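Visitor: After the structure tokens below, expect a handful of questions from me.
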Amino acid sequence: AQKITQTQPGMFVQEKEAVTLDCTYDTSDQSYGLFWYKQPSSGEMIFLIYQGSYDEQNATEGRYSLNFQKARKSANLVISASQLGDSAMYFCAMSPLGAGGTSYGKLTFGQGTILTVHP
Amino acid sequence: GAVVSQHPSRVICKSGTSVKIECRSLDFQATTMFWYRQFPKQSLMLMATSNEGSKATYEQGVEKDKFLINHASLTLSTLTVTSAHPEDSSFYICSARLDGSQAREQYFGPGTRLTVT
């Protein structure tokens, strides 16, 4: 079984500053993938960044980076230079991986963190 | 990325009626589709996994007779909420992927907000 924990129900950040959203996980799978999604008030799920458990380097996608610490079982999201449009709910999720890093697709989500960016 | 659509985006129905929600992959063939349910300000909970041409696999605690899932083609999966009750009011989101694709290649629909009165 897999479990994702996001301990920050809400976070506030000033525009143009960086913010870290916490995510810890628990799994018995040897190989797994970690995801971050953004969900604005419209409800759509926007993919932000992905990290495979086998990846030695932390993933980066533009202003988003994933601070992956495998031994601590954490996969924190760092958003640099926050923008007003970053205000949304953020979900950390994970999925077991099969051979070759392919995913079975089943995602387990954390509780989410509501990020508010102040001008 | 690829596009997944859902229809309708919002639906209001009376208690006791059935509602069908469609999930379509518009520009790729989706061998697997997933249905999630989300209550306000809560997490997404996986309800079932739908594979084209076979019966859906339901998560523990999800009533298969109440939430009927049909994945009739490689581009369409439907979720029918039968005999809906107010407690079924929720946000339903589907996601779709092609088997064998990379882990990040999973695409979500925009969601359907169901209100049962």
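Read top to bottom, the protein sequences are chains A and B.
So for the first sequence, our numbering puts the first residue at 1; every next one is plus one.
So for the second sequence, our numbering puts the first residue at 120; every next one is plus one.
For glycine and all other residues, C-beta sits at the position ideal for the given N, C-alpha and C.
Predicted, not measured: the structure shown is a model, and the values here were computed from it.
(1) Helix, strand or coil for A:Asp-29, going by three-state DSSP, please let me know.
(2) Grab me the residues of B:Thr-150's own chain with a C-beta within less than 7 Å of its C-beta, minus the 5 sequence neighbours each way, in chain order.
(3) Do we get a CB-CB distance below 9 Å when we pair B:Pro-127 with the residues of chain A?
(4) At 9 Å on the CB atoms, spell out the chain B contacts of A:Ser-103, in chain order.
(5) Please list the terminal residues of the continuous beta strand (DSSP E) segment that includes B:Ala-191.
(6) So with Cβ pairs under 9 Å, would you call B:Leu-165 a contact of chain A?
(7) Considering Cα atoms alone, identify which of B:Glu-178, B:Pro-127, B:Lys-133 is closest to B:Arg-143.
(8) Considering Cα atoms alone, identify which of A:Arg-72, A:Tyr-104, A:Tyr-32, A:Pro-119 is closest to A:Ser-53.
(9) In chain B, what lies closer than 8 Å to A:Lys-106 by C-beta?
(10) Does the segment 79 to 93 of chain A come within contact of the segment 26 to 43 of chain A, defined as at least 3 CB pairs closer than 8 Å?
(11) Is the Cβ-Cβ distance between B:Glu-141 and B:Ser-214 less than 9 Å?
(12) Name, please, each residue of chain A whose Cβ falls closer than 7 Å to the Cβ of B:Gly-87.
(13) Label B:Phe-186 either buried or exposed according to how many other C-beta atoms from any shown protein chain fall within 10 Å of its C-beta, with 16 as the threshold for buried.
(14) Taking 8 Å as the cut-off, does the segment 103 to 116 of chain A touch the segment 161 to 180 of chain B (at least 3 CB pairs, one atom from each stretch)?
(15) Establish whether the CB of A:Leu-115 and some CB of chain B are separated by less than 9 Å.
(16) By a C-beta neighbour count over all protein chains shown, 10 Å radius and 16 as the cutoff for buried, is A:Gly-85 buried or exposed?
(17) Do B:Arg-129 and B:Thr-199 come within 9 Å of each other at the CB atom, strictly closer than that value?
(18) Chain A partners of B:Phe-210, CB-CB under 7 Å?
(19) In or out: A:Arg-72 buried (at least 16 other Cβ within 10 Å) or exposed?
(20) In terms of residues, what are the limits of the beta strand (DSSP E) holding A:Tyr-64?
(21) Have a look at the DSSP bridge pairing and note the partners of B:Cys-142.
(22) Just confirm the distance between the C-beta atoms of B:Arg-156 and B:Ser-208, as a whole number of angstroms; I'd bet it's less than 8 Å.
(23) Is B:Ser-173 close to chain A? Criterion is C-beta to C-beta, closer than 9 Å.
Guide: With the structure as the only source:
(1) Working through the first sequence from its first residue, we reach residue 29 of chain A at position 29. In the structure shown, the three-state DSSP call for A:Asp-29 is coil.
(2) Residue mapping note: residue 150 of chain B aligns to position 31 of the second sequence, counting from 1. Contacts found: Asn-170, Glu-171, Leu-193, Leu-217, Asp-218.
(3) Start at 1 with the first residue of the second sequence, and residue 127 of chain B comes out as number 8. B:Pro-127 does not count as touching chain A.
(4) Within the first sequence, numbered from 1, the residue matching residue 103 of chain A stands at position 103. Chain B residues near A:Ser-103: Arg-216, Ser-220, Gln-221, Ala-222, Arg-223, Glu-224, Gln-225.
(5) Residue 191 of chain B sits at position 72 when you count from the first residue of the second sequence. Looking at the DSSP string, the run of the beta strand (DSSP E) that includes B:Ala-191 is 186 to 192.
(6) Here residue 165 of chain B corresponds to residue number 46 of the second sequence, with the count starting at 1. Yes, contact with chain A.
(7) Numbered from its first residue, the second sequence carries residue 143 of chain B at position 24. Cα-wise, what sits closest to B:Arg-143 is B:Pro-127.
(8) Numbered from 1 along the first sequence, position 53 holds the residue referred to as residue 53 of chain A. Of the candidates A:Arg-72, A:Tyr-104, A:Tyr-32, A:Pro-119, the one whose C-alpha sits nearest the C-alpha of A:Ser-53 is A:Tyr-32.
(9) Here residue 106 of chain A refers to the residue found at position 106 when the first sequence is read from its first residue. Correct list: Phe-153, Leu-165, Thr-168.
(10) yes
(11) Position 22 of the second sequence, counting from 1, holds the residue named residue 141 of chain B. Position 95 of the second sequence, counting from 1, holds the residue named residue 214 of chain B. Cβ atoms of B:Glu-141 and B:Ser-214: not closer than 9 Å.
(12) The structure shown does not extend to residue 87 of chain B, since chain B is modelled only from 120 to 236, so the question has no answer here.
(13) Reading the second sequence from its first residue, position 67 is the one you call residue 186 of chain B. It counts as buried.
(14) yes
(15) Taking the first residue of the first sequence as position 1, residue 115 of chain A is located at position 115. Chain B contact via Cβ: absent.
(16) By one-based count along the first sequence, residue 85 of chain A stands at place 85. Exposed, by the Cβ-count rule.
(17) Looking up residue 199 of chain B in the second sequence gives position 80. Looking up residue 129 of chain B in the second sequence gives position 10. For B:Thr-199 and B:Arg-129, no; Cβs fall outside 9 Å.
(18) Here residue 210 of chain B refers to the residue found at position 91 when the second sequence is read from its first residue. The contacting residues are Gly-43.
(19) Start at 1 with the first residue of the first sequence, and residue 72 of chain A comes out as number 72. Classification for A:Arg-72: exposed.
(20) By 1-based counting over the first sequence, the position of residue 64 of chain A is 64. That run of the beta strand (DSSP E) goes 64 to 69.
(21) The sequence position of residue 142 of chain B within the second sequence is 23, counting from 1. B:Gln-125, B:Ser-196, per the DSSP bridge assignment.
(22) Mapped onto the second sequence, residue 156 of chain B falls at position 37. Mapped onto the second sequence, residue 208 of chain B falls at position 89. At roughly 10 Å, the Cβ-Cβ gap does not stay under 8 Å, so B:Arg-156 and B:Ser-208 are not in contact.
(23) The residue labelled residue 173 of chain B in the question sits at position 54 within the second sequence. For B:Ser-173, the answer is no, since every Cβ of chain A falls outside 9 Å of its Cβ.
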